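Report on the following structure.
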Amino acid sequence: MFDCYDVIVVGAGHAGCEAAHAIGTLGSRVLLITMNMGAMGQMSCNPSIGGIAKGQIVREIDALGGMSGVVADHTTIQFRMLNKSKGPAMWSPRAQNDRVLFSLYWRQLLEGNLNVDFLQDTVLGLVVNKNGICGVTTQLGYTIQSKAVVLTNGTFLNGVIHIGTRQFSGGRIGEGAAVGLTASLRGLGFHSDRMKTGTPVRVDGRTIDFAKLEEQKGDENPGRFSFISTPQLKQQRSCFIAYTSEAVHDTLRTGFEFSPMFSGRIQGIGPRYCPSIEDKIERFSHRTRHQLFVEPEGWNTVEYYINGFSSSLPDDVQVAALRKVVGFEKAKIFRPGYAIEYDYFPPVQLTSSLETKLVPRLFFAGQINGTTGYEEAAAQGLLAGINAHRRINDLYPLILNRSEAYIGVLIDDLITKGVDEPYRMFTSRAEYRTLLRQDNADIRLTPLGYKINLASADRMRKLETKIKAIDTVNFFLNQTSIEASEVNNYLAYNDSATVIQKQKLASLLLRPQVSLEGLAWLVPKLNQLLLNSGELAGEVSEEVEILIKYAAYISKEKELADKLNRYESLAIPIDIDYLPMVSLSTEARQKLSVQRPETIGQASRISGINPSDISVLLVFLGR
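Under our numbering, the first residue of the sequence shown is numbered 1021, with each subsequent residue one higher.
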């Protein structure tokens, strides 16, 4: 019934969709197996994409040729650039999305890829021989052969849903758990553990008094995630802000004795940076209120997601507490919040290509690796898909380092440091965040995506046009001066010190009060250069201004990255025996023997490995 596929992808969440699309686009035949064809690319929790550090990841996915940014742009109902009051390294795009359209658009994209086949079924086990993975077995009784397998199982592996004292098997509310695959993997020698996450109530917007809430509108000039041409957002839906109170907290406390988290029924570790509302009022008992974001689920629905009110308390307690929030006095819910426990596999069992160390050509991506978040999952899925294709075609894997991309930081953290709680990305995790800005993701990564045949020729041509325009404007600013008499009124108006002699435009642009837009208004030729960029004018202007204003910071960070990268990629022989190296600490010998880092850079980031241990390794490697 089934031919032998090049790659089988198990799971059609954000990781699975990116993996399958990349594999098919690169030319390999892929079978995407999902338990529910109607939930492909499902936004299981909040109806939004991006956010702090996450928005940078989405732009990197897009720059490489992935599709999360395109899907987000086609389904956006509100767009905001976060952290605009800070430096550009911190700017992070975020979109509210239509949950239904997001899933539908992903399905349409995948169905339009002729190399992607589909099967609605549950994978129970893996078929492995002495050479590695060679297929999967399913609930419907199929044994399907393939050259590689990518597992992207999300929260479905032995998933258990908790609402108060009730608990039942499930991978997501209304959907069953995936049982059998964990046992199959453990039988092959993999180690697994448990994690927990949760989601809040969904509320009927017809029962919310929005007049009592703070309105949060989108940006006046909304941006986009994708660097290619996607729809410009012409209208937006507002979000709203509400607050809990002592009365809300007191009501929630009445359910603590029934809480699966406080009673010990939940053993899995939850996300530190997305705690449940009961966890927040317990840990931060001195706080009299907590902020809630009231987020629409789509263009044509009255359903609202209450961000910040995740809970696994009994549903009657959730409703009673919610009705004590100002504006929610008459609230009706569509479904209660719940917690879910699931299996994951510590990612130190992976190589930097996301291939498992135990079984050749078997790849893991997404929450199976202990991460949380759509964006983190999509990034892993993209890289796992690319590398599965490259592995079966005897090509070198695509590995991004920490100075190239947030995706590189993500994967390096996972495979070298491991996780002891659900991992999410922050800008603070990146040592080179001034280099890894959201605005330059295409400049950093599209040439790489084009080189491996994932990013299209049109995308590459557009980037080349953009770079040429940036260079032209940059050159003009550095070569052109303006008379004091022509610029002083502008400077005075913007509370910037006036000048007594003519100044280079680039020198003036270094001032925080001076913008490229303002200089273009003063210098017609500069304005014309920007207009010549056409639809890219906004991107060109932003990039040039950042490059000039932050040149010193960028240069310093590049210098540091270059210095550290000299040893970062220095390879360690795969068969090296650490145990006889008595100059290494005992802890170092043990951890290096277990984790088997591929490079000196990876070894240096393993917990317990100190600089003296790295020095010993460098001597051993002849450095």
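Just so you know, even glycine gets a beta-carbon here, dropped at the ideal spot from N, CA and C. Since we're looking at a predicted model, the values are computed, not measured.
key: Same chain only: Cβ atoms within 7 angstroms of Asp1093, ignoring 5 sequence neighbours per side   = Taken in chain order, the residues that qualify are Arg1244, Phe1245, Ser1246, Thr1250, Pro1251.
query = Is Tyr1570 helix, strand or coil when you go by DSSP?
reply = When secondary structure is reduced to three states using DSSP, Tyr1570 falls in the coil class, being assigned neither helix nor strand.
Continuous alpha helix (DSSP H) assignments of at least 4 residues falling wholly in the region 1546 to 1593 = The qualifying runs are 1557 to 1569, 1571 to 1588.
message = Looking only at its chain, what residues have a beta carbon closer than 6 angstroms to the beta carbon of Gln1256, apart from the 5 residues adjacent to it on each side?
response = These residues qualify, in order along the chain: Gln1098, Gly1238.
task = Compute the distance between the beta-carbons of Leu1434 and Ile1427, then report whether it is under 8 angstroms.
result = Contact flag unset, no.
Beta-carbon proximity check, Glu1395 vs Val1636, cutoff 8 angstroms = Not in contact: Glu1395 and Val1636 (Cβ atoms no closer than 8 angstroms).
ask   = Which residues share a DSSP beta bridge with Arg1100?
value = DSSP lists Arg1114 as partners of Arg1100.
ask   = Thr1308 to Leu1382, Cα distance in whole Å?
value = Near 49 angstroms, if we compare the C-alpha coordinates of Leu1382 and Thr1308.
ask   = Count the other CB atoms within 10 Å of the CB of Gln1062; is the residue buried (16 or more) or exposed (fewer)?
value = With 16 or more neighbouring CB atoms inside 10 Å of its own CB, Gln1062 falls in the buried class.
query = So, helix, strand or coil for Phe1640, using DSSP?
reply = Of the three classes helix, strand and coil, the one that applies to Phe1640 here is helix, per DSSP.
ask   = First and last residue of the beta strand (DSSP E) that includes Glu1323?
value = Note, Glu1323: beta strand (DSSP E), 1323 to 1330.
ask   = Within this structure, are the beta carbons of Asp1141 and Thr1158 separated by less than 8 angstroms?
value = Yes, the Cβ-Cβ distance between Asp1141 and Thr1158 is below 8 angstroms.
message = Check this for me: beta carbons of Leu1374 and Leu1403, under 8 angstroms apart or not?
response = Yes, Cβ-Cβ distance for Leu1374 and Leu1403 is below 8 angstroms.
inquiry  = Contact between the region 1048 to 1056 and the region 1022 to 1037 is defined here as three or more beta-carbon pairs at a separation below 8 angstroms; is this criterion met?
reply    = Using a C-beta cut-off of 8 angstroms, the region 1048 to 1056 makes contact with the region 1022 to 1037, since at least three inter-stretch Cβ pairs fall below that distance.
message = Report the CB separation of Gly1031 from Gly1145 in whole angstroms; it is logged as a contact under 8 angstroms.
response = Taking a contact as a CB-CB distance under 8 angstroms, the pair Gly1031 and Gly1145 does not count as one, their CB atoms being some 15 angstroms apart.
inquiry  = Using a 10 Å radius around the Cβ and a threshold of 16 neighbouring Cβ atoms, would you call Ser1505 buried or exposed?
reply    = Answer is exposed; the Cβ neighbour count stays below 16.
query = Between Val1148 and the rest of its own chain, which residues show a CB-CB distance below 7 angstroms, the 5 nearest in sequence each way excluded?
reply = The beta carbon of Val1148 sits closer than 7 angstroms to those of Cys1154, Leu1208, Val1379, all from its chain and outside the five residues before and after it, given in chain order.
key: Residue span of the beta strand (DSSP E) that contains Gln1128, given as start and end   = Counting along the chain, no beta strand (DSSP E) covers Gln1128; the unbroken alpha helix (DSSP H) around it starts and ends at 1119 to 1131.
key: Beta bridge counterpart(s) of Cys1259 as assigned by DSSP   = Answer is Gln1236.
ask   = Rounded to a whole number of angstroms, what is the C-alpha to C-alpha distance between Glu1235 and Tyr1513?
value = So the two alpha carbons sit approximately 32 angstroms from each other.
query = What are the residues that DSSP puts in a beta bridge with Asn1149?
reply = Bridge partners of Asn1149: Gly1152.
task = Compare the beta carbon distance of Ala1083 and Thr1454 with 8 angstroms and say whether it is the shorter of the two.
result = Contact flag unset, no.
key: Pick from Asp1363, Gln1076, Asn1066 that is closest to Glu1424, judged by C-alpha positions   = Per the Cα distances, Gln1076.
inquiry  = Between Glu1695 and Ser1535, how many whole angstroms is the CB-CB distance? I'm expecting something under 8 angstroms.
reply    = The question about residue 1695 has no answer here: the residues shown for the chain are numbered 1021 through 1643.
ask   = For Gln1615, which of Pro1600, Ile1596, Asp1478 has the nearest alpha-carbon?
value = The candidate whose alpha carbon is nearest that of Gln1615 is Ile1596.
request  = Note down, in chain order, each residue of its chain lying with its Cβ closer than 7 angstroms to the Cβ of Arg1192, except the 5 sequence neighbours on either side.
outcome  = Only Ser1064, Thr1175 meet the Cβ criterion.
task = With DSSP as the reference, label Gly1207 as helix, strand or coil.
result = Looking at Gly1207 - three-state DSSP - the assignment turns out to be helix.
Run of the alpha helix (DSSP H) containing Arg1079, from where it starts to where it stops = Element bounds for Arg1079: 1074 to 1084.
task = Determine the burial state of Trp1111: buried for a count of at least 16 other Cβ atoms within 10 Å of its Cβ, exposed for fewer.
result = Trp1111 is buried by the Cβ-count criterion.
task = Report all residues from its chain with a CB closer than 6 angstroms to the CB of His1034; omit the five preceding and five following residues, and keep chain order.
result = Cβ neighbours of His1034 beyond the five flanking positions: Tyr1394, Ala1397, Ala1398.
message = Mapping the DSSP letters down to three states, classify Gly1290 as helix, strand or coil.
response = The answer is coil: DSSP assigns Gly1290 none of H, G, I, E or B.
key: Inter-residue spacing [alpha-carbon to alpha-carbon] between Ala1572 and Glu1315   = Taking the straight line joining both Cα atoms gives about 40 angstroms.
CA-to-CA distance, Asn1151 to Gly1318, given in whole angstroms = Rounded to whole angstroms, Gly1318 to Asn1151 spans 48 angstroms at the Cα level.
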